[in-house]
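Chains as they are written, first to last, in my numbering: chain A, 1 to 273; chain B, 1001 to 1229.
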């Protein structure tokens, strides 16, 4: 456990500069965006030859959900998602192909090699959670800024849940219920483990491993989606929604467990420096 | 004792090791010799479970390598293994954090012996100093066995002499060492046993003392004899 925590800390430290840059870009872009967007709206209202009430009636009020569809808001989120997906590959390949072959050190540590896998996955997960938490705080701050800039008559205030309902994608990142959180992030975590297993196939069998990894990933995703596939083939009402949920939960755990076991096997028996 | 039993390794269609067997005892320096590409590094990697074998077995004190083995055997590869942005002090801290067998006193002694600066970044080190840091990180562990891959490769004569000096010091005493090197002259007088590899097989396996006493030949003489054929 001590080694696992040290490894998590070490992995986080290796990416912290890039991570802080991502955080800075997100804060700057979204805060600047809400100021520019709100001021533009108020400016248009002021320039119109109508009263503010009439402007609101004609053009609608300004809502956070409007701002959330702009590049100011979506751009940094897309950048963070892309960076973290890239990081999932980088976290392994830099140990082999970085300037120095650090993988020697990692694999010769007097700890279970499974800890290396779990530490890397935990680092990814913590970074995702960190960015999501930041986004939550930013949403509250942005709403407060919007309220400062835009007069009452020109705006409609929203709760975080309403923002989620209006934009859709935010519901995926910040689900309303704990079950939603567990399922969304559970699926994300499962995908990370599937990807890590595919990478370890490649690191173990090189060219053949790319094929093996791709086949494993396709198979794992198919197994996970089996209840939905059955629904599609046999009709949408073949299974009750709760049955679909429980089946996917069971298969998700099975796929994650298999991926961890396979990764552990590859790290112990097949991986090559 | 490290026991290497009938190990076979293929890379694709290329057979690198075709049934290599030998053993290396504590308190002895065993040298793996052979021309480039005969599989010397592969043997060391296999002992450390850094490359899977097609068949054969490797035992360390009678056990297959496991996580606990890394507290009693270490490998000093022919490559810098710490991150470039790390300072020498960070690399030492990393080892201290993970290894119970880390010996701070010995690390300080080695820092002084090699005249290394703890504040230097790994990326700024010369090839010679990088090799010394590698050596320091391995030698400062209280382990029974040391594997060294080409410790003299590409470094200047003064650094080579300094590294060779390590072998005669208490830093290596009582440990089992397996070393691969082309610079045989630097350590010939220190080697206890030679494993000569060729075409994936052990071509010759001899004790230097016996070879000198019985046939009057040095390691270099044997090498010349073998490769002239």
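Positions of the beta carbon are idealized from the N, C-alpha and C atoms, including for glycine.
Annotation: residue 1118 of chain B to residue 65 of chain A spans about 54 Å, alpha carbon to alpha carbon. Chain A has a Cβ within less than 9 Å of the Cβ of residue 1071 of chain B. Closest by C-alpha distance to residue 1039 of chain B, out of B:1145, B:1098, B:1199, B:1168, is B:1199. At a cut-off of 9 Å between beta-carbon atoms, residue 89 of chain A makes no contact with chain B. Within 7 Å of the CB of residue 1067 of chain B, the CB atoms of chain A belong to 110, 111, 112, in sequence order along the chain. Around the Cβ of residue 1157 of chain B, a 10 Å sphere holds fewer than 16 other Cβ atoms; the residue is exposed. In the displayed model, residue 1138 of chain B falls within a helix according to three-state DSSP.
Residue 132 of chain A and residue 1022 of chain B have their C-alpha atoms roughly 56 Å apart. In the DSSP assignment, the residues bridged to residue 1194 of chain B are B:1031, B:1206.
Residue pairing by DSSP puts residue 1201 of chain B in a beta bridge opposite B:1198.
Residue 1122 of chain B reaches chain A at 100, counting residues in chain order whose Cβ is nearer than 8 Å. Within the stretch 1132 to 1155 of chain B, no residue has a Cβ lying closer than 8 Å to any Cβ of chain A. Identification of chain A residues near residue 1081 of chain B by a Cβ-Cβ cut-off of 7 Å yields 100, 101, 102, 104, 105, ordered along the chain.
Against chain A, a Cβ distance below 8 Å from residue 1097 of chain B picks out 6. Among the CB atoms of chain A, one or more fall inside 9 Å of the CB of residue 1101 of chain B. Closest option to residue 1112 of chain B, judged by alpha-carbon separation, among B:1002, B:1094, B:1153, B:1088: B:1088. Taking a Cβ-Cβ cut-off of 7 Å, residue 1199 of chain B has no neighbours in chain A, whose nearest Cβ is about 22 Å from it. By the rule that beta-carbons nearer than 9 Å mark a contact, residue 167 of chain A does not touch chain B. Within 7 Å of the CB of residue 1051 of chain B, the CB atoms of chain A belong to 272, 273, in sequence order along the chain.
At a cut-off of 9 Å between beta-carbon atoms, residue 1211 of chain B makes no contact with chain A.
Residue pairing by DSSP puts residue 1180 of chain B in a beta bridge opposite B:1032, B:1149.
Along the stretch 1023 to 1045 of chain B, going in chain order, the ones with a CB nearer than 9 Å to a CB of chain A are 1045.
Inclusion of residue 1201 of chain B and residue 1043 of chain B in the CB contact set at 9 Å is not warranted, their separation being larger than that value. Note on geometry: alpha-carbon atoms of residue 34 of chain A and residue 78 of chain A lie some 17 Å from one another. In the DSSP assignment, residue 1024 of chain B falls within the beta strand (DSSP E) that extends over 1014 to 1024. One thing to note: residue 174 of chain A has its Cβ within 9 Å of the Cβ of residue 164 of chain A.
Within the stretch 1045 to 1114 of chain B, the complete alpha helix (DSSP H) segments at least 4 residues long are 1088 to 1098, 1104 to 1113, listed from N- to C-terminus.
Uninterrupted alpha helix (DSSP H) stretches at least 4 residues long and entirely within the stretch 159 to 183 of chain A occur at 160 to 167, 169 to 173, given in chain order. Listed along the chain, the chain B residues whose CB falls inside 8 Å of the CB of residue 269 of chain A are 1052. Taking C-beta separations shorter than 6 Å and ignoring five residues to either side along the sequence, the partners of residue 1159 of chain B in its chain run 1128, following chain order. Against chain B, the beta carbon of residue 3 of chain A has neighbours under 7 Å at 1098, listed in chain order. Boundaries of the alpha helix (DSSP H) harbouring residue 1167 of chain B: 1157 to 1168, taken from the DSSP string. With a threshold of 9 Å between beta carbons, residue 10 of chain A makes contact with chain B. In the displayed model, residue 223 of chain A falls within a helix according to three-state DSSP. Sequence-distant partners of residue 55 of chain A (beyond 5 residues in either direction) whose C-beta falls short of 6 Å from its own C-beta, in its chain, are 45, 48.
Looking at A:24, A:111, A:93, A:58, the one whose alpha-carbon comes closest to that of residue 1099 of chain B is A:111.
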